[in-house]
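Trainee: Just so you know, the numbering used here puts 381 at position 55 of the sequence shown, and the rest follows in order with no gaps.
A virtual CB, placed ideally from N, CA and C, is assigned to each residue, including glycine.
Just dropping this structure here.
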Amino acid sequence: TQHQFNARESDWGFTSFMPLGDLYDPGKGFLVNDTCIVEAEVAVRKVVDYWTYDSKKETGYVGLKNQGATCYMNSLLQTLYHIRYFRK
327 TQHQFNARES DWGFTSFMPL GDLYDPGKGF LVNDTCIVEA EVAVRKVVDY
377 WTYDSKKETG YVGLKNQGAT CYMNSLLQTL YHIRYFRK
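Written as structure tokens, this is what we have:
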């Protein structure tokens, strides 16, 4: 899986990683001599800071900011805007 960590979302986890039975299964190779083997790959890449991205400056368009539980309404309004009849 992939995730971008930033100032607003500095922590991220998994609700379930793997079944416990898989951990104890000798054929899976996670336990070797009573030691749990864990591997992780971390890549640090330069990415656009999405929180300071200025869509109007870059594209000429602006979106709507989410004010909590308004994302569905924002999506509907932006969809309707692209229908010529509703822009009149």
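So if DSSP puts Cys362 in a beta bridge, which residue, or which two residues, is it bridged to?
Mentor: DSSP, once it has assigned bridges, lists Leu357 as partnering Cys362.
Trainee: Under 8 Å, do Phe356 and Leu346 count as touching if we go by C-beta distance?
Mentor: For Phe356 and Leu346, no; Cβs fall outside 8 Å.
Trainee: For the alpha helix (DSSP H) containing Glu367, name the first residue and the last one.
Mentor: No alpha helix (DSSP H) holds Glu367; DSSP gives it neither H nor E.
Trainee: Distance check for Leu403 and Glu367, CA to CA, integer angstroms please.
Mentor: When rounded, the distance between both Cα atoms is 41 Å.
Trainee: Let me know the secondary structure DSSP gives Tyr379 once reduced to three states.
Mentor: DSSP places Tyr379 in coil when its eight states are reduced to three.
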